[in-house]
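Number of protein chains: 2
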Amino acid sequence: MAERLKPEDRAAAMQALTGWHMVENREAIAKTYRFKDFIDAFGFMARVAIVSEKIDHHPEWSNVYRTVEVTLTTHDAGGLTELDMKLATEMDRLAG
Amino acid sequence: MAERLKPEDRAAAMQALTGWHMVENREAIAKTYRFKDFIDAFGFMARVAIVSEKIDHHPEWSNVYRTVEVTLTTHDAGGLTELDMKLATEMDRLAG
Chain A
1360 MAERLKPEDR AAAMQALTGW HMVENREAIA KTYRFKDFID AFGFMARVAI
1410 VSEKIDHHPE WSNVYRTVEV TLTTHDAGGL TELDMKLATE MDRLAG
Chain B
1360 MAERLKPEDR AAAMQALTGW HMVENREAIA KTYRFKDFID AFGFMARVAI
1410 VSEKIDHHPE WSNVYRTVEV TLTTHDAGGL TELDMKLATE MDRLAG
């Protein structure tokens, strides 16, 4: 099972990400993606869904037309782990 | 453009739907779907996405693993229209 990141490792991992922020009152990270239209937004979600299932780590996310809001945390670990950083990195790659 | 439903038409349309409820403080309807797992939940979303784009009417929705929460309203009309009832009916069919 993935272990919670130490504060210094979490800080370093956050430095390597762009556009992600810590969620208030919760050990989680979040980002809002905006696309050209619904097709682009849902196309992104479909790509992420496949990767999520493959690595067995899934986002909390919502979609309104061309906007996708994502929150990542590792429920089993009660906070942020390498899995969240890995999925965040993959999402940025898939949104690119 | 779709016109807002009259209260009596809205009530009749709601009667024909199962598991949908009016949202508080907003002219919108909502439903929570629960599936077996993420693959089933996202498979449902993919089917709905295609129908949504086809009828040019899109849900506000969120997903956490096997749960999909949906809210429908017609922003352009400032409330509920036939489009929402049509999409709700389609979603129930696609979830079945």
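Protein chains in written order, with my numbering: chain A, 1360 to 1455; chain B, 1360 to 1455. Glycine included, every Cβ here is placed at the ideal spot set by N, Cα and C.
Per DSSP, which residues does residue 1381(A) bridge with? Please list them. Beta-bridge analysis with DSSP links residue 1381(A) to 1388(A).
Quick check: what's the CA-CA separation for residue 1452(A) versus residue 1375(B)? If you take the alpha carbons of residue 1452(A) and residue 1375(B), they lie about 43 angstroms apart.
Determine the DSSP secondary structure at residue 1431(B), reduced to helix, strand or coil. The answer is strand: DSSP assigns residue 1431(B) an E or B state.
What's the C-alpha gap between residue 1429(A) and residue 1396(A)? Looking at the two C-alpha atoms, the distance is approximately 17 angstroms.
In this structure, how does DSSP classify residue 1480(A) when only helix, strand and coil are distinguished? Because residue 1480(A) is not part of the residues shown, which for chain A are 1360 to 1455, the question remains open.
Coil, strand or helix - residue 1425(A) by DSSP: Here residue 1425(A) carries a coil assignment [DSSP, helix/strand/coil].
Quick one: using the 10 Å Cβ neighbour count with 16 as the cut-off for buried, is residue 1377(A) buried or exposed? It counts as exposed.
Using a Cβ-Cβ cut-off of 8 angstroms, state whether residue 1449(B) counts as contacting chain A. Not a single CB atom of chain A sits nearer than 8 angstroms to the CB of residue 1449(B).
Since I believe residue 1440(A) is in contact with residue 1371(A) (beta carbons under 8 angstroms), could you give me their beta-carbon distance rounded to a whole number of angstroms? Not quite, the Cβ-Cβ distance comes to about 14 angstroms (not below 8 angstroms), so this is no contact.
Name, in chain order, the residues that DSSP records as bridge partners for residue 1393(A). Per DSSP, 1426(A).
Just the C-alpha distance for residue 1415(A) and residue 1416(B), rounded to the nearest angstrom, thanks. For residue 1415(A) and residue 1416(B), the distance between alpha carbons rounds to 31 angstroms.
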